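Asks: Using my numbering, read the sequence shown as starting at 551 and increasing by one per residue.
Here a beta-carbon is modelled for each residue, glycine too, at the ideal position from N, C-alpha and C.
The structure presented is a predicted model; accordingly, all values stated were derived computationally and were not measured.
I am attaching a structure below and will ask some questions about it afterwards.
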Amino acid sequence: MKPIYSCDEKEVILRLPLTSNNWQAPRLLGTAAVAAVGLTLFSVGSTNLVAVDTPDNSATLPADNPFAAPSPLPFHTPAFDKIRSEHFLPTFAVAMKQQLAEMKAIANQTEAATFKNTIESMERSGALLTRVDNVFSNLTAAEKTKALQNIENELAPQRAAHSDNILINRPLFQRVEKLWQQKQSLGLSEEQAEVLKQRYESFLRAGARLSDQDQVRIRSLNEQLSKLETKFEENLLQISKERAVVVDTAKELDGLSTAEIAAAAQAAKERGQEGKYLLQISNTTRVPVIVSLKNRALRQRVWDASANRGLGRDGGVDNRGLVLEIAQLRAERAKILGYENHAAYKLQNQMAKTPAAARKLLTDLVPGVMERVNQEARDLEAMIKECGESHELAPWDWEYYSEKVRKARFDLDEAALRPYFELDSVLKNGVFFTMNKLYGISFRERKDLPVYHPDVRTFDVFDQDGSQIGLFYADYFKRDTKRGGAWMNSFVDQSRLLYDKPVIVNCLNIPRPAEGEPALISFDNVTTLFHEMGHALHGMFSDVTYPTVAGTATPRDFVEFPSTFEEDWAIQPEILANYAVHYQTGKPIPKELLDKAIRAKKFNKGFETLEYLAASLLDLEWHSLTGDQIPTDVEKFETETLKKVGVNHPAIPPRYRTTYFAHIWSGGYSSSYYAYLWSETLAADAFAHMIEKGGCTRENGVAFRKEILSRGSSRDPMASYKAFRGKEPTVDALLIRRGLK
Ligand SMILES: [Zn+2]
């Protein structure tokens, strides 16, 4: 399957691409329903029984396979105590066969196509596949063993082929197309019409209308891309090892904390370099240790290791050829499918709809951001002088001196904040408290469900009338088997058709406290807890009939809206008063300290916005190329592009440079990195609107739940937005949120 990328953006895990060309494909390929395995009859709709080819014996699972039947646990939550890695490959194999048989049965019916016997039956298909994939996709992110890694690699091409097998199925497409043509006279509800539209488009986007010859080519491209994308991901793992910087003496690490130095010593030891120190790079161009490393030459070394990743320097991994090949194949596929380029193809079913709309949002911000960045650079240059130094402001200086300016201006000591952010208090008195005020829901921890790691906590979630909404899993601590970043995923998606209620998980990477110590977390992690809960609510409040449009199955440029929106409650005074209390004394956080922390959050936003704009525009430009425009020199293209779009600042490189930009080459965000800012625009506008209307009130929460959180993608996202807000969003609130205005 397509790997889910670990990133430092807070993200939702989208039900991932069986093909890389349509991120909604898996949901569109249906979920749940056809009961027992190995029957010769499949139930289609509720009335017809249609004979299909007798499945071969390999299309069955032994009864002791925990995926063979829906889990007997509450809400069909996975039986993690019974699931083992050796279950996955045979289950996926059977699951794909089953779904193909189901789709074949739908396609070969003699009855004329109806919404029920075609679309609804497709929605019911793939029960086993959904069941196993929901578990697998979370485990490969949250508890990835070597065995799972191997299975993931083995599955990738099979799953790409499976998606094509379904979406390039002419008789099935013809039934869907017939319904599409008759849509006005079918008497469909708004949600049904949307499901039909998405289904129809997913066929078109996969090439259902193409000639046999072109379809063969598309399949071959999908398969090649799937392999190349997996290769890119593997290379990044290799790169993060080879680019780590080894330091001989602790003296060179002056500026780092004792704990950071100890961690570096430990990391070196684990690599067989006992007595030395290992500084690791992170996902983004920035490296956290640069903030405090006093040794400028070492800062430069670390920065070089990070920013020149994947360029084949010093005999290391070279991703340049891989990137060019992926871009080339994507451009070819877009052309065959009738689009000008890959970006046009990708954005057609997004809220932005066109690359031009996405580009406009980004480029409109450039002049204001550049102005802010230049101001920030002047402040840093002044600080360099103040420190009695005379060098220019280089990329490896920015964060180091920026931290000094931050300290001088805000005198904010992160460590002084932490005692007020004890994890359990933030969770219960902050996150759960806010969700209760806004939406009336409550959480109650339970200890009887099996989990995939002892760190995982489980909660019943109740609605305001006392009925149970579903289950919530919280997996907050960092560990070696967990990828970086934070995300939400679902084990069961809500659907009225399938009588399913949601089971949702949030994963973070909070450093584990020492045994017996409380988990005092950073202000950033406080925000992330609220953010991920926003995704969780999007899944839990889903109130739709069809799985295709449930919960977070929305366009990428919409999906970060509910999560980013919830972030801002973390700094509302009435909420803070409830959770930000000292873990020992119970005293509230001093106002002065808090004000500083909030103002500090807006510090350096010019830099942050620019590095993001640069990466987003780089992404759009790479994917706006036609096949014959693909360059041969990756670095030259990158430099020229950044200059062309006006975001080339000598001290601020893109957040990701081309050769390690996993979001766009292997993470499903190709042409879509802009989506975070698009979503944030919606979030800022909606939040400002809510504050205007009285803030954290039940009335506001109920309206947001009704028009946004419950809808999934059962109607056009802008229609949902306007139903809540009364009009389309503007960037005004975004600029204020980022401190740029
Ligand atoms: Zn997110």
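#1: Residues in the same chain with beta-carbon distance under 8 Å from V1202, minus the five sequence neighbours each way, listed in chain order, please.
#2: Mind pulling the alpha helix (DSSP H) runs of 4 or more residues that sit fully within the segment 638-704?
#3: Cβ-heavy atom distance between S1113 and ligand 1 below 7 Å?
#4: Are there three or more Cβ pairs, one per stretch, closer than 8 Å when the segment 759-771 is compared with the segment 709-723?
#5: Let me confirm a value: T925 is counted as buried when at least 16 other C-beta atoms fall within 10 Å, else exposed. Which label applies?
#6: DSSP three-state call for V600: helix, strand or coil?
#7: In the segment 1170-1227, which residue ranges form an unbroken beta strand (DSSP E) of at least 3 residues, counting only runs that do not cross its ends?
#8: For P1061, which residues from the same chain have a beta carbon less than 6 Å from its beta carbon, with the 5 sequence-adjacent residues on both sides left out?
#9: Quick check: what's the CA-CA separation for L531 versus Y1219?
#10: Among I1054, I840 and G980, which residue has its Cα nearest to the Cα of Y951?
#11: With 16 other CB atoms within 10 Å as the buried threshold, where does R1288 fall?
#12: Short of 6 Å in beta carbon distance, which residues of its chain neighbour F1237, apart from the five on each side in sequence? Order them along the chain.
#13: Of all the beta strand (DSSP E) runs that stay within the bounds of the segment 1022-1089, which reach a length of 3 or more residues?
#14: Closer than 6 Å by C-beta to M646: which residues in its own chain qualify, once you throw out the five before and the five after it? Chain order, please.
#15: Is E751 a contact residue of ligand 1, with contact defined as CB to any heavy atom under 7 Å?
#16: Would you say the beta carbon of H1213 comes nearer than 7 Å to a heavy atom of ligand 1?
#17: Would L973 pass as a contact of I1071 if the rule is Cβ separation under 8 Å?
#18: Could you pull out every residue in the same chain whose Cβ sits closer than 7 Å to the Cβ of H1199, ignoring the five residues on either side in sequence?
#19: Examine the Cβ distances between the segment 742-758 and the segment 865-875 and report whether three or more of them are shorter than 8 Å.
#20: Under the criterion of a Cβ to heavy atom distance below 7 Å, does E779 qualify as lining ligand 1?
#21: Any idea which residues DSSP pairs G1020 with across the strands?
#22: If you follow the beta strand (DSSP E) that R996 is in, where does it begin and where does it stop?
#23: For E1242, count neighbouring C-beta atoms within 10 Å of its own C-beta (all shown protein chains included) and say buried if the count is 16 or more, exposed if not.
#24: Buried or exposed: I1286, going by 16 or more other Cβ atoms within 10 Å of its Cβ?
#25: I need the boundaries of the alpha helix (DSSP H) containing Y750, first residue and last residue.
#26: Check D868 in the structure and name its three-state DSSP category.
#27: Would you check whether ligand 1 has a heavy atom nearer than 7 Å to the C-beta of H1088?
#28: Thinking R793 and S832 are a contact (beta carbons under 8 Å), I'd like their distance in whole angstroms, please.
#29: Among the residues of its own chain, which have a CB less than 6 Å from the CB of A884, if the five just before and after it don't count?
#30: In this structure, does DSSP put V839 in helix, strand or coil?
#31: According to DSSP, is L962 part of a helix, a strand, or is it coil?
#32: Taking DSSP as the reference, what is the three-state secondary structure of P1138?
#33: Report the residue from K935, S1221 and A818 whose alpha carbon sits nearest the alpha carbon of A907.
#34: When you compare only the Cα positions, how much space is there between N1075 and V1197?
#35: Nearest by alpha-carbon distance to F971: which of P905, D914 and Q1134 is it?
#36: Report the three-state DSSP secondary structure of F983 (helix, strand or coil).
Replies: Per the coordinate set shown:
#1: For the purposes of this step, residue 1202 is identified with residue 652 of the sequence shown, where counting begins at 1. Per the sequence presented here, residue 1202 reads as Ile, with Val not at that position. Excluding residues within five positions, the ones whose Cβ falls inside 8 Å are V923, P945, W948, F1157, L1160, E1161 and A1164.
#2: Whole alpha helix (DSSP H) segments, 4+ residues: 638-657, 671-674 and 677-692.
#3: Your numbering for residue 1113 matches position 563 in the sequence shown. True, at least one ligand heavy atom lies under 7 Å from that Cβ.
#4: Result yes; three or more Cβ-Cβ pairs closer than 8 Å.
#5: The sequence position of residue 925 within the sequence shown is 375, counting from 1. Note that residue 925 corresponds to Gln in the displayed sequence, not to Thr. By the 10 Å Cβ count, Q925 comes out exposed.
#6: Residue 600 sits at position 50 when you count from the first residue of the sequence shown. Confidence in V600 is poor, its pLDDT being 29 and thus under 50, which makes the residue's placement unreliable; the coordinate value appears in the next sentence. Of the three classes helix, strand and coil, the one that applies to V600 here is strand, per DSSP.
#7: Within the segment 1170-1227, no complete beta strand (DSSP E) run reaches 3 residues.
#8: Numbered from 1 along the sequence shown, position 511 holds the residue referred to as residue 1061. These residues qualify, in order along the chain: K1028.
#9: Here the chain has residues from 551 to 1291 only, and residue 531 is not among them.
#10: Taking the first residue of the sequence shown as position 1, residue 951 is located at position 401. Residue I840 is the option with its Cα nearest to Y951.
#11: Taking the first residue of the sequence shown as 1, we reach residue 1288 at position 738. Answer is buried; the Cβ neighbour count reaches 16.
#12: Counted from its first residue, the sequence shown places residue 1237 at position 687. Excluding residues up to 5 positions away in sequence, F1115 and D1118 lie with their Cβ nearer than 6 Å to the Cβ of F1237 in the same chain.
#13: Here the runs fully enclosed are 1036-1042 and 1053-1060.
#14: Taking the first residue of the sequence shown as 1, we reach residue 646 at position 96. The beta carbon of M646 sits closer than 6 Å to the beta carbons of H712 from its chain, once the five residues preceding and following it are set aside; these are given in chain order.
#15: For the purposes of this step, residue 751 is taken as the residue at position 201 of the sequence shown. No, since every heavy atom of ligand 1 falls outside the 7 Å radius drawn around the Cβ of E751.
#16: Taking the first residue of the sequence shown as position 1, residue 1213 is located at position 663. False, no ligand heavy atom lies under 7 Å from that Cβ.
#17: Within the sequence shown, residue 973 is the residue found at index 423, counting from 1. Within the sequence shown, residue 1071 is the residue found at index 521, counting from 1. Cβ distance < 8 Å, so L973 and I1071 count as in contact.
#18: As a working note, residue 1199 is residue 649 in the sequence shown. Taken in chain order, the residues that qualify are V923 and L1160.
#19: Verdict: no, contact absent.
#20: Taking the first residue of the sequence shown as position 1, residue 779 is located at position 229. No, since every heavy atom of ligand 1 falls outside the 7 Å radius drawn around the Cβ of E779.
#21: Taking the sequence shown and counting its residues from 1, the one referred to as residue 1020 is at position 470. In the DSSP assignment, G1020 is bridged to V1011.
#22: Sequence index remark: in the sequence shown, residue 996 carries index 446 (1-based). From DSSP, the beta strand (DSSP E) with R996 extends over S992 to R996.
#23: The residue you call residue 1242 lines up with position 692 of the sequence shown. Its Cβ having fewer than 16 others within 10 Å, E1242 is exposed.
#24: Reading the sequence shown from its first residue, position 736 is the one you call residue 1286. Exposed.
#25: Position 200 of the sequence shown, counted from the start, is the residue given in the question as residue 750. DSSP places Y750 in the uninterrupted alpha helix (DSSP H) bounded by E740 to A756.
#26: Reading the sequence shown from its first residue, position 318 is the one you call residue 868. Three-state result, D868: strand.
#27: Numbered from 1 along the sequence shown, position 538 holds the residue referred to as residue 1088. Checking the 7 Å criterion, the Cβ of H1088 is out of range of every heavy atom belonging to ligand 1.
#28: For this step, residue 793 is matched to residue 243 along the sequence shown. For this step, residue 832 is matched to residue 282 along the sequence shown. About 11 Å separates the two Cβ atoms, so there is no contact after all.
#29: On the sequence shown, residue 884 is found 334 positions in, with the first residue counted as 1. In the same chain as A884, and ignoring 5 residues on each side of it, the C-beta atoms closer than 6 Å to its own belong to N891, H892 and Y895, in chain order.
#30: If you number the sequence shown from 1, residue 839 lands on position 289. Residue state for V839 is assigned as helix, using DSSP reduced to three classes.
#31: Indexing the sequence shown from 1 puts residue 962 at position 412. DSSP places L962 in coil when its eight states are reduced to three.
#32: Within the sequence shown, residue 1138 is the residue found at index 588, counting from 1. In the structure shown, P1138 sits in a strand (DSSP, three-state: E or B).
#33: By 1-based counting over the sequence shown, the position of residue 907 is 357. A907 has its Cα closest to that of S1221, out of K935, S1221 and A818.
#34: To locate residue 1075, count along the sequence shown from 1; it is residue 525. To locate residue 1197, count along the sequence shown from 1; it is residue 647. Looking at the two C-alpha atoms, the distance is approximately 29 Å.
#35: Taking the first residue of the sequence shown as position 1, residue 971 is located at position 421. For F971, the closest of P905, D914 and Q1134 by C-alpha to C-alpha distance is Q1134.
#36: Mapped onto the sequence shown, residue 983 falls at position 433. Secondary structure of F983 (DSSP, three-state): helix.
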